[in-house]
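Residue numbers (the working numbering): 22 to 222.
The beta carbon of each residue, even a glycine, is placed where N, CA and C say it ideally should be.
Structure record follows, encoded as structure tokens.
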Amino acid sequence: MLNKRLAVALTVSGLLAGVTACGAPAQNAPSSTAPALGATAAPAWELDPAAGAQRIKAAGLDILTAEGTAEHYHAHLDVLVDGKPVTVPAEIGFSFGADGRPNGISALHTHDTSGILHIEAPTAGLKYTLGQVLAEWGVLDGKDATGAPHGGTGGWTAYVNGSKQSAPVSDVVLKAHDEVVLSFGTAPSPLPSSYTFPAGL
């Protein structure tokens with residue numbers, strides 16, 4: 022529903038030409054190598070569209086009027102709490118006007134709930150991190166009073182393509198076709214180590 026609303030809003034407003042520039046339809050199905058992602062996001066994990074612009078700026082990114090074309094690649098993110106999936110929301114990295122319609126986009130964003138992270142930047146060679154995704158999503162920032170696992174990055178572990186990362190989770194750099202797993206509590210089994218991207222991505 023969000024994708025349909027977004028597509029209609031973008032068509033009507035014409036502000037974000039090329040939001041589907043990836044050339045592939047929205048994909049909501051999980052990879053066959055990942056755990057089944059049938060869970061829905063708990064309220065603490067939902068995206069607040071009203072604060073999209075502030076979160077993009079907090080991530081150190083610019084609000085653009087269209088996706089960039091100088092750099093274009095994708096990574097995939099699974100978020101697991103005690104081995105159970107948390108849905109990565111659609112529209113991370115979008116800003117919205119008072120009318121609820123999109124009016125801006127960052128170089129790092131999601132289009133749907135597949136966990137695919139889109140990097141479509143106007144400048145080539147910049148690094149994008151898991152911390153920027155979390156900032157744009159508005160989670161694990163230490164501001165949530167409900168405590169772990171939602172409150173901050175303590176107790177979280179990041180894996181990239183099946184390898185545990187020693188750096189803080191916020192510092193994990195996103196690269197083309199990486200499978201990034203962010204895990205809290207009981208380690209996932211099996212650990213997703215790859216993701217089958219749709220054709221064209």
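| Asked | Found |
| --- | --- |
| Inter-residue spacing [alpha-carbon to alpha-carbon] between K101 and P219 | Sequence inspection shows Leu at residue 101; the Lys mentioned does not correspond to that position. Answer to the nearest angstrom: the Cα atoms are 22 Å apart. |
| Where the beta strand (DSSP E) containing V202 begins and where it ends | 200-205 |
| Residues near G136 in its chain [Cβ-Cβ closer than 7 Å; skip 5 each side] | H97, L98, D99, V109 |
| Cβ contact (3+ pairs, closer than 8 Å) linking the stretch 182-196 and the stretch 145-154 | yes |
| G152, DSSP secondary structure in three states | helix |
| Reduced DSSP secondary structure (H/G/I, E/B, other) of K78 | helix |
| L85 beta carbon less than 8 Å from that of P143 | yes |
| Beta-carbon proximity check, V202 vs Y180, cutoff 8 Å | yes |
| Option nearest G176 by Cα separation, candidates W158, T207, G221 | T207 |
| Integer-rounded CB distance, given that L68 should sit under 8 Å from A128 | Rounded, the Cβ-Cβ distance is 18 Å, inconsistent with contact. |
| Simplified DSSP state of N49, which is helix, strand or coil | At N49, the pLDDT of 33 sits below 50, so the modelled position is not reliable; the number obtained from the coordinates is stated separately. Of the three classes helix, strand and coil, the one that applies to N49 here is coil, per DSSP. |
| Neighbourhood of D103 by C-beta, 8 Å cutoff - its chain only, sequence neighbours within 5 removed | F205, G206, T207 |
| Residue burial classification, T131 (beta-carbon count within 10 angstroms, cutoff 16) | buried |
| Neighbourhood of K148 by C-beta, 7 Å cutoff - its chain only, sequence neighbours within 5 removed | V194 |
| Same chain, Cβ closer than 6 Å to F117, neighbours up to 5 away in sequence not counted | P70, G73, P123 |
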